[in-house]
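Residue numbers (the working numbering): 242 to 454. Using N, Cα and C, we set each Cβ at its ideal position, and we do this for glycine too. What you are looking at is a predicted structure, and each value in this text was computed from that prediction instead of being measured. Report on one structure; see the data block that follows.
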(Lines of atoms letter the chains of each structure in order from A and count residues from 1; the text may use other names and numbers.)
(Lines give C-alpha, C1' and ligand atoms only; values in the text may rest on other atoms or scores of the structure.)
Protein backbone atom coordinates (compact mmCIF):
# COMPACT_ATOMS: atom_id res chain seq x y z
CA UNK A 1 0.00 0.00 0.00
CA UNK A 2 1.35 3.44 -0.97
CA UNK A 3 2.22 5.65 2.01
CA UNK A 4 -0.35 8.44 2.34
CA UNK A 5 0.58 11.92 3.52
CA UNK A 6 -1.14 12.57 6.85
CA UNK A 7 -2.86 15.90 7.31
CA UNK A 8 -6.17 17.26 8.60
CA UNK A 9 -8.02 16.26 5.44
CA UNK A 10 -6.74 12.67 5.32
CA UNK A 11 -7.60 12.11 8.99
CA UNK A 12 -11.07 13.52 8.37
CA UNK A 13 -11.53 11.22 5.38
CA UNK A 14 -10.34 8.19 7.37
CA UNK A 15 -12.88 8.97 10.08
CA UNK A 16 -15.66 9.54 7.55
CA UNK A 17 -15.07 6.13 5.94
CA UNK A 18 -14.89 4.40 9.32
CA UNK A 19 -18.16 5.98 10.46
CA UNK A 20 -20.23 5.24 7.40
CA UNK A 21 -18.94 1.80 6.40
CA UNK A 22 -19.70 -1.33 8.33
CA UNK A 23 -16.38 -3.08 7.69
CA UNK A 24 -13.09 -2.16 9.34
CA UNK A 25 -11.34 0.14 6.86
CA UNK A 26 -7.81 -0.29 5.54
CA UNK A 27 -5.30 2.28 6.80
CA UNK A 28 -1.71 2.85 5.78
CA UNK A 29 0.56 0.53 7.79
CA UNK A 30 2.46 3.56 9.16
CA UNK A 31 -0.73 5.45 9.98
CA UNK A 32 -0.07 5.76 13.72
CA UNK A 33 3.58 6.76 13.29
CA UNK A 34 2.64 9.40 10.72
CA UNK A 35 -0.21 10.76 12.84
CA UNK A 36 2.18 11.19 15.78
CA UNK A 37 4.61 12.99 13.47
CA UNK A 38 1.83 15.25 12.16
CA UNK A 39 0.70 16.21 15.68
CA UNK A 40 4.26 17.03 16.75
CA UNK A 41 4.72 19.22 13.69
CA UNK A 42 1.53 21.13 14.51
CA UNK A 43 2.67 21.65 18.10
CA UNK A 44 6.02 22.94 16.89
CA UNK A 45 4.27 25.36 14.52
CA UNK A 46 2.20 26.71 17.43
CA UNK A 47 5.34 27.23 19.53
CA UNK A 48 7.03 29.03 16.64
CA UNK A 49 3.99 31.26 16.02
CA UNK A 50 3.73 32.18 19.70
CA UNK A 51 7.40 33.14 19.81
CA UNK A 52 6.86 35.54 16.91
CA UNK A 53 3.79 36.99 18.67
CA UNK A 54 1.87 40.05 17.49
CA UNK A 55 0.61 39.54 13.95
CA UNK A 56 0.62 35.75 14.39
CA UNK A 57 -2.02 35.69 17.18
CA UNK A 58 -4.82 34.78 14.77
CA UNK A 59 -2.66 32.13 13.15
CA UNK A 60 -1.91 30.66 16.57
CA UNK A 61 -5.62 30.42 17.37
CA UNK A 62 -6.35 28.84 13.99
CA UNK A 63 -3.59 26.25 14.36
CA UNK A 64 -4.60 25.44 17.95
CA UNK A 65 -8.20 24.87 16.88
CA UNK A 66 -7.05 22.65 14.04
CA UNK A 67 -4.89 20.63 16.44
CA UNK A 68 -7.74 20.29 18.93
CA UNK A 69 -10.19 19.15 16.24
CA UNK A 70 -7.62 16.73 14.84
CA UNK A 71 -7.18 15.10 18.25
CA UNK A 72 -10.96 14.77 18.60
CA UNK A 73 -11.15 13.07 15.20
CA UNK A 74 -8.30 10.71 16.09
CA UNK A 75 -10.04 9.75 19.34
CA UNK A 76 -13.32 9.08 17.51
CA UNK A 77 -11.50 7.11 14.80
CA UNK A 78 -9.79 4.98 17.45
CA UNK A 79 -13.08 4.28 19.23
CA UNK A 80 -14.87 3.35 15.98
CA UNK A 81 -12.11 0.92 15.04
CA UNK A 82 -11.87 -0.46 18.58
CA UNK A 83 -15.60 -1.23 18.55
CA UNK A 84 -15.30 -3.03 15.20
CA UNK A 85 -12.28 -5.03 16.37
CA UNK A 86 -14.13 -6.13 19.51
CA UNK A 87 -17.03 -7.25 17.31
CA UNK A 88 -14.63 -9.13 15.01
CA UNK A 89 -13.19 -10.94 18.03
CA UNK A 90 -16.70 -11.96 19.06
CA UNK A 91 -17.43 -13.20 15.53
CA UNK A 92 -14.15 -15.14 15.54
CA UNK A 93 -15.08 -16.88 18.81
CA UNK A 94 -18.17 -18.14 16.99
CA UNK A 95 -16.01 -19.66 14.27
CA UNK A 96 -16.89 -17.39 11.35
CA UNK A 97 -13.90 -15.05 11.11
CA UNK A 98 -12.49 -14.05 7.72
CA UNK A 99 -8.73 -13.71 7.23
CA UNK A 100 -9.42 -10.53 5.27
CA UNK A 101 -10.73 -8.87 8.42
CA UNK A 102 -7.40 -9.36 10.17
CA UNK A 103 -5.41 -8.05 7.19
CA UNK A 104 -6.94 -4.58 7.49
CA UNK A 105 -5.90 -4.23 11.13
CA UNK A 106 -2.86 -2.18 12.06
CA UNK A 107 -0.13 -4.13 13.85
CA UNK A 108 -0.94 -2.19 17.01
CA UNK A 109 -4.59 -3.26 16.70
CA UNK A 110 -3.84 -6.95 16.25
CA UNK A 111 -2.59 -7.17 19.84
CA UNK A 112 -5.98 -5.90 21.06
CA UNK A 113 -7.79 -8.40 18.84
CA UNK A 114 -5.65 -11.32 20.03
CA UNK A 115 -6.06 -10.34 23.70
CA UNK A 116 -9.85 -10.56 23.29
CA UNK A 117 -9.97 -13.94 21.54
CA UNK A 118 -8.67 -16.06 24.43
CA UNK A 119 -11.13 -14.88 27.15
CA UNK A 120 -14.05 -15.07 24.71
CA UNK A 121 -13.18 -18.63 23.72
CA UNK A 122 -12.63 -19.55 27.37
CA UNK A 123 -15.98 -18.09 28.40
CA UNK A 124 -17.71 -19.86 25.53
CA UNK A 125 -16.16 -23.18 26.57
CA UNK A 126 -17.19 -22.72 30.20
CA UNK A 127 -20.76 -21.64 29.50
CA UNK A 128 -21.97 -22.78 26.09
CA UNK A 129 -20.17 -26.13 26.03
CA UNK A 130 -21.55 -26.94 29.49
CA UNK A 131 -25.05 -26.08 28.34
CA UNK A 132 -24.76 -28.20 25.21
CA UNK A 133 -23.43 -31.09 27.28
CA UNK A 134 -26.47 -30.96 29.54
CA UNK A 135 -25.03 -29.15 32.54
CA UNK A 136 -27.81 -27.30 34.38
CA UNK A 137 -26.57 -24.92 37.05
CA UNK A 138 -30.03 -24.26 38.49
CA UNK A 139 -30.65 -27.97 39.09
CA UNK A 140 -27.24 -28.33 40.70
CA UNK A 141 -28.00 -25.36 42.95
CA UNK A 142 -31.10 -27.14 44.27
CA UNK A 143 -28.76 -29.76 45.77
CA UNK A 144 -26.03 -27.77 47.52
CA UNK A 145 -24.85 -30.80 49.49
CA UNK A 146 -23.66 -32.42 46.25
CA UNK A 147 -21.66 -29.42 45.05
CA UNK A 148 -17.88 -29.49 45.11
CA UNK A 149 -15.70 -26.53 44.17
CA UNK A 150 -12.47 -27.10 42.27
CA UNK A 151 -9.74 -25.50 44.35
CA UNK A 152 -7.64 -24.94 41.19
CA UNK A 153 -10.17 -22.41 39.96
CA UNK A 154 -9.97 -20.40 43.19
CA UNK A 155 -12.49 -20.16 46.00
CA UNK A 156 -16.04 -19.36 44.97
CA UNK A 157 -19.21 -18.74 46.94
CA UNK A 158 -22.68 -19.91 46.02
CA UNK A 159 -25.02 -16.94 46.30
CA UNK A 160 -28.62 -15.96 45.60
CA UNK A 161 -29.07 -12.56 43.99
CA UNK A 162 -31.54 -10.27 45.75
CA UNK A 163 -31.80 -7.81 42.88
CA UNK A 164 -30.84 -7.61 39.18
CA UNK A 165 -27.08 -7.34 38.63
CA UNK A 166 -25.51 -6.36 35.28
CA UNK A 167 -22.41 -8.01 33.81
CA UNK A 168 -19.22 -7.47 35.83
CA UNK A 169 -15.60 -8.60 35.80
CA UNK A 170 -14.57 -10.44 38.97
CA UNK A 171 -11.12 -10.76 40.50
CA UNK A 172 -10.40 -13.84 38.35
CA UNK A 173 -10.81 -11.56 35.27
CA UNK A 174 -13.78 -13.58 34.03
CA UNK A 175 -17.11 -11.98 33.12
CA UNK A 176 -20.14 -12.88 35.26
CA UNK A 177 -23.79 -12.01 34.71
CA UNK A 178 -26.10 -10.50 34.05
CA UNK A 179 -28.22 -11.94 36.87
CA UNK A 180 -31.90 -11.48 37.70
CA UNK A 181 -33.44 -11.39 41.15
CA UNK A 182 -33.52 -14.89 42.72
CA UNK A 183 -30.88 -16.22 40.30
CA UNK A 184 -28.29 -18.51 41.89
CA UNK A 185 -24.67 -18.82 40.87
CA UNK A 186 -21.05 -19.40 41.86
CA UNK A 187 -19.11 -16.14 42.17
CA UNK A 188 -15.44 -15.62 43.16
CA UNK A 189 -15.21 -15.17 46.91
CA UNK A 190 -14.20 -11.49 47.07
CA UNK A 191 -16.85 -10.37 44.58
CA UNK A 192 -19.45 -12.40 46.46
CA UNK A 193 -18.47 -10.68 49.72
CA UNK A 194 -18.94 -7.25 48.13
CA UNK A 195 -22.40 -8.17 46.82
CA UNK A 196 -23.43 -9.65 50.18
CA UNK A 197 -22.14 -6.61 52.11
CA UNK A 198 -24.19 -4.32 49.87
CA UNK A 199 -27.28 -6.49 50.44
CA UNK A 200 -27.42 -7.35 46.76
CA UNK A 201 -27.01 -11.07 47.40
CA UNK A 202 -27.05 -13.67 50.15
CA UNK A 203 -24.81 -16.68 50.58
CA UNK A 204 -26.18 -20.19 50.20
CA UNK A 205 -24.35 -22.47 52.58
CA UNK A 206 -23.06 -25.72 51.09
CA UNK A 207 -21.88 -28.69 53.12
CA UNK A 208 -18.26 -27.71 52.47
CA UNK A 209 -18.73 -24.12 53.65
CA UNK A 210 -20.54 -25.37 56.77
CA UNK A 211 -17.59 -27.64 57.55
CA UNK A 212 -15.18 -24.72 57.16
CA UNK A 213 -17.24 -22.67 59.60
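- request: Mark residue 259 as exposed unless 16 or more other C-beta atoms lie within 10 angstroms of its C-beta, in which case mark it buried.
  value: The sequence position of residue 259 within the chain shown is 18, counting from 1. Buried.
- request: With DSSP as the reference, please indicate the residues paired to residue 301 in a beta bridge.
  value: The residue given as residue 301 occupies position 60 in the chain shown. In DSSP, residue 301 forms no bridge with anything.
For residue 277, the three-state DSSP class (helix, strand or coil): Mapped onto the chain shown, residue 277 falls at position 36. Helix at residue 277.
- request: Report yes if the CB atom of residue 286 is closer than 8 Å to the CB atom of residue 311, and no otherwise.
  value: The residue given as residue 286 occupies position 45 in the chain shown. The residue given as residue 311 occupies position 70 in the chain shown. No, they are not a contact pair.
message: Looking at the secondary structure, which residues open and close the beta strand (DSSP E) in which residue 444 lies?
response: The residue labelled residue 444 in the question sits at position 203 within the chain shown. Looking at the DSSP string, the run of the beta strand (DSSP E) that includes residue 444 is 442-444.
field: Same chain, Cβ closer than 8 Å to residue 498, five either side skipped, listed in chain order
entry: Residue 498 is absent from the model: the chain starts at 242 and stops at 454.
- prompt: Anyone know if the C-beta pair for residue 315 and residue 276 falls short of 8 Å?
  reply: Within the chain shown, the letter at position 74 stands for residue 315. Within the chain shown, the letter at position 35 stands for residue 276. Contact: yes.
- prompt: For residue 399, which beta-bridge partners are listed by DSSP?
  reply: Indexing the chain shown from 1 puts residue 399 at position 158. Beta-bridge pairing links residue 399 to 427.
Environment of residue 432 [buried if 16+ CB atoms lie within 10 Å]: The count along the chain shown starts at 1 and reaches residue 432 at position 191. It counts as buried.
message: At the level of alpha carbons, what is the spacing between residue 398 and residue 367?
response: What you label residue 398 is simply residue 157 of the chain shown in a count that begins at 1. What you label residue 367 is simply residue 126 of the chain shown in a count that begins at 1. Those two C-alpha atoms are separated by around 17 Å.
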